[in-house]
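Participant: So the sequence shown is residues 7 to 593, counted in the numbering used here. Positions of the beta carbon are idealized from the N, C-alpha and C atoms, including for glycine.
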Amino acid sequence: MSKPHNLQSLKQILIAEMGISEDIFQNAGASHSESLHERLLQQQALTETDLLTVYSRLYQIPVWLDLPINGQSLPEVSQRIQQIPIQYLKKHVMTPFWIDHDASDTDRANPDGASGALLHKKTGVAINDPASFQALDDLIRMLDAGSVTIVFSTRSAIGSAINRLYDADRYSAEQLVLSMDADTDSLFQTIEPSSDLLDDVSDAPIIRLVNGVISQSIRARASDIHIEPYPNSLKIRYRIDGLLYDLTTPPKWIQPSLISRIKIMAKMNIAEKRLPQDGRMDVRIGDQQIDIRVSTIPTSFGERIVLRLLNKTSSLLHLNELGLSADHMVRLNTLIESPYGIFLVTGPTGSGKTTTLYAILSSMIRPSINIITIEDPVEYQINGISQIQVNPKIDLTFARGLRSIVRQDPDVILVGEIRDRETADIAVQSALTGHLVFSTLHTNDSAGTITRLVDIGIEPFLISSSVIGVAAQRLIRILCDTCKTPYQPDDAILEQLNLTADQLQGPLYRAAGCPSCFHTGYRGRMGIFEIMLMDDRLKNLILKTYDANHIRQEALRSRMTTLREDGLRKVIEGKTSLEEVYRVTHR
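1) Please determine if the stretch 564–575 and the stretch 519–535 are in contact, where contact requires at least 3 C-beta pairs separated by less than 8 Å.
2) Any chance the CB of residue 291 is under 7 Å from a heavy atom of the ligand ZN?
3) Beta-carbon within less than 6 Å of residue 3's beta-carbon, same chain only, minus the 5 sequence neighbours each way: which residues are those?
4) Excluding five sequence neighbours on each side, which residues of the same chain lie with their C-beta closer than 7 Å to the C-beta of residue 466?
5) Excluding the 5 residues preceding and the 5 following residue 212 in the sequence, name in chain order all residues of the same chain whose CB lies nearer than 7 Å to its CB.
6) Work out the CA separation of residue 339 and residue 326 for me, nearest whole Å.
7) Are three or more beta carbon pairs between the stretch 484–495 and the stretch 349–363 nearer than 8 Å?
8) Let me check understanding here. Comparing Cα to Cα, which of 52, 457, 497 and 420 lies closest to residue 347?
9) Where does residue 391 fall in DSSP's three states?
10) Taking the Cβ atom as the reference point for each residue, do residue 219 and residue 253 lie within a distance shorter than 8 Å?
11) With DSSP run on the structure shown, which of helix, strand or coil describes residue 258?
12) Label residue 305 either buried or exposed according to how many other C-beta atoms from any shown protein chain fall within 10 Å of its C-beta, with 16 as the threshold for buried.
13) Assign residue 426 to buried or exposed, taking buried as 16 or more other Cβ atoms, counted over all protein chains shown, within 10 Å of its Cβ.
14) Quick check: what's the CA-CA separation for residue 528 versus residue 345?
15) May I ask which residues mark the beginning and end of the alpha helix (DSSP H) holding residue 61?
16) What's the gap between the Cα of residue 102 and the Cα of residue 269?
17) With H, G and I counted as helix, E and B as strand and the rest as coil, what does DSSP make of residue 135?
18) Give the secondary structure of residue 575 by DSSP, where H, G and I count as helix, E and B as strand, and everything else as coil.
19) Just the Cα atoms here: how many angstroms apart are residue 318 and residue 298?
20) Pick from 505, 423 and 216: whose alpha carbon is nearest that of residue 619?
21) In terms of residues, what are the limits of the alpha helix (DSSP H) holding residue 437?
22) If you draw a straight line from the C-alpha of residue 70 to the C-alpha of residue 418, how long is it?
23) In angstroms, rounded to a whole number, what distance separates the CA positions of residue 388 and residue 90?
24) I'd like the span of the alpha helix (DSSP H) that includes residue 453, first residue to last.
25) Who are the near neighbours of residue 309 in its chain, counting only those whose CB is closer than 8 Å to its CB and skipping five residues on each side?
26) At the level of alpha carbons, what is the spacing between residue 473 and residue 446?
27) Looking at C-alpha atoms only, which residue of 281, 582 and 395 is the closest neighbour of residue 517?
28) Please look up how many angstroms separate the CB atoms of residue 475 and residue 341, rounded, as I've assumed it's under 8 Å.
29) Where does residue 43 fall in DSSP's three states?
30) Per DSSP, what are the beta-bridge partners of residue 314 in this structure?
31) In its own chain, which residues sit with a C-beta less than 6 Å from the C-beta of residue 274, not counting the 5 before and 5 after it?
32) Excluding the 5 residues flanking residue 316 on each side, which residues of the same chain have their C-beta closer than 8 Å to its C-beta?
33) What is the DSSP secondary structure of residue 165, counted as helix, strand or coil?
34) Please report the distance separating the alpha-carbon of residue 382 from that of residue 402.
35) Who are the near neighbours of residue 468 in its chain, counting only those whose CB is closer than 8 Å to its CB and skipping five residues on each side?
36) When the distance is taken between beta carbons, is residue 430 closer than 8 Å to residue 464?
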């Protein structure tokens, strides 16, 4: 690509056709179109797409808003990009890419040294600014690809392509383990963690292993990483969609340095190995910002570490994205519109209770409502809501924070979890004095929540006066759309799950497994729910008995849908499998 030869033409088009003011061009530098490019974008004189369209007219180079990723995992591609520093591409906002040749091009494929699968790929380079001609020429020489297709693209598209390109080239955790030797001189090298793990090019094996494990886990959509020591081995597993899978088994001798590296990144005390510790770190993988909570406990064979991964770039779910059926949505809206009372969400750890409550609160935000939360931890920052982080070190507990919240004139209060009688008492009093209170509790089902509150020490008459509803929930895995396979279930399975052939609207689906779902057969999760509304009959029953079985039977007479029934709906709709529903709801 040659240097832009007619900067005046660019200015004329921008002024005459795009309505750009002459003031924009002042002090931009007559011979430096890069300064002009940055000024136009910084001052938002026109959109980036419009500017690229003008460039396309001047230089006869097409604009591609979406860049392909074909061929980036080929070994030949991996060898070439290893010669190009990622910082170089980010600095000059450009990226190589590879696409399939047209049929007419295949016969005259690149004769300049390309071999193997790369012979059938066409090399391209996407740029954002025509002033980067010198860097572009250097990049083409480094690619050694002969003829190269040049296109314009946006900064965001180029940045995403760079991240995909280099993330695909990272060694897998297993490959990193296999490449490690017993030379421990460099294992204890400690550096400040990079702001972007893809930028970390350290040769220290332990640093590459930790970065590789975290990067691979994020690509696999894992929620947790487990590092487990055993007498003669060390195992690393990750949790995807609620289930643990083996990731790699490093040699036992790297255990001390692996644990020390993680503790350094999480700013924990590496000398203390006898007591449990908690820490956290922020890492970035390309355009994903990840908050990692680190927990260590001492075991007989060394410290065990669990890393909880929280992707801050993922957006909060809306109510209609939780998996609520139409009748559940009606019941939930009835509860949300209540002026006061307690609404409890119950389920085991990791069942999505906090996500549900965040979705509810997000739907309630408006200028006329004051919403305050106290949580441990605050997982998502929500605009329009005041959020308090529990801090036991300074005696800021749920109970103490809740006492202060009620003096802040709130309309809606979220208590992250009711753990003791003191917190429960204050929550009940808040509900009885005109506040709408949301909280969570650890019980197996909605009816068991009433029994649990009595066990904590809340009087039955206070429960019947303050609790307006209870929702129990679980998370079930969603079948991968790419590989799920239809089948007709046998009578034994249908009978076991109280489902008749007449209720089926078509074939059911089961998991198969493919690369897009990491051969699990499932991709993503959704909720199944049972929502118990506290009507007059239930309130009167609670005054007489708090036996969970009696309460459950009365709720079923009030047409409450159970967790399993809600799961079966999703089976019939083809969203999940019978086996998955049975696994989650079996007791």
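Facilitator: According to the data block:
1) A contact exists between the stretch 564–575 and the stretch 519–535.
2) The ligand ZN is absent from the structure shown, which contains no ligands of any kind.
3) Any question about residue 3 goes unanswered here, given that the chain covers just 7 to 593.
4) 460, 548, 549 and 552, listed in sequence order.
5) Shown here for residue 212: same chain residues with a beta carbon closer than 7 Å to its own, the five before and five after excluded, namely 193, 260, 263, 264 and 267 in chain order.
6) If you draw a straight line from the Cα of residue 326 to the Cα of residue 339, it is about 12 Å long.
7) Too few Cβ pairs lie closer than 8 Å, so no.
8) Of the listed residues, the one whose Cα sits closest to residue 347 is 420.
9) The three-state secondary structure of residue 391, taken from DSSP, is coil.
10) Taking 8 Å as the Cβ cut-off, residue 219 and residue 253 qualify as a contacting pair.
11) In the structure shown, residue 258 falls within a helical segment according to DSSP collapsed to helix, strand and coil.
12) Per the 10 Å Cβ criterion, exposed.
13) A residue is called buried when at least 16 other Cβ atoms come within 10 angstroms of its Cβ; residue 426 does not meet this threshold and is exposed.
14) Using only the alpha carbons, I get a separation of about 40 Å.
15) Run containing residue 61: 54–65, per the alpha helix (DSSP H) assignment.
16) Between the alpha carbons of residue 102 and residue 269 lies a gap of roughly 37 Å.
17) In the structure shown, residue 135 sits in coil (DSSP, three-state: anything other than H, G, I, E or B).
18) If DSSP states are grouped into helix, strand and coil, residue 575 belongs with the helices.
19) Going by the C-alpha atoms only, they are around 10 Å apart.
20) The first residue shown for the chain is 7 and the last is 593, placing residue 619 beyond what the model contains.
21) It spans 427–438 - the alpha helix (DSSP H) in which residue 437 sits, taken as one unbroken run.
22) Computed Cα separation, rounded: 48 Å.
23) Each residue's alpha carbon lies about 40 Å from the other.
24) The continuous alpha helix (DSSP H) containing residue 453 extends over residues 452–462.
25) The residues are 235, 265, 279, 302 and 303.
26) Distance between the alpha carbons of residue 473 and residue 446 is about 12 Å.
27) When only C-alpha atoms are compared, the closest one is 582.
28) That belief holds up - the Cβ atoms of residue 475 and residue 341 are roughly 5 Å apart, short of 8 Å.
29) It is helical.
30) Answer is 230 and 299.
31) When the five nearest sequence neighbours on each side are left out, the beta carbons in the same chain lying within less than 6 Å of the beta carbon of residue 274 are those of 283 and 285, in order along the chain.
32) Excluding sequence positions up to five before and after residue 316, its CB lies within less than 8 Å of the CB of 296, 297, 298, 299 and 385, all in the same chain and listed in chain order.
33) Helix.
34) Answer to the nearest angstrom: the Cα atoms are 11 Å apart.
35) Exclusion of the five residues before and after residue 468 leaves 434 and 438 as the residues of its chain whose Cβ lies within less than 8 Å of its Cβ.
36) Result yes, Cβ atoms of residue 464 and residue 430 sit closer than 8 Å.
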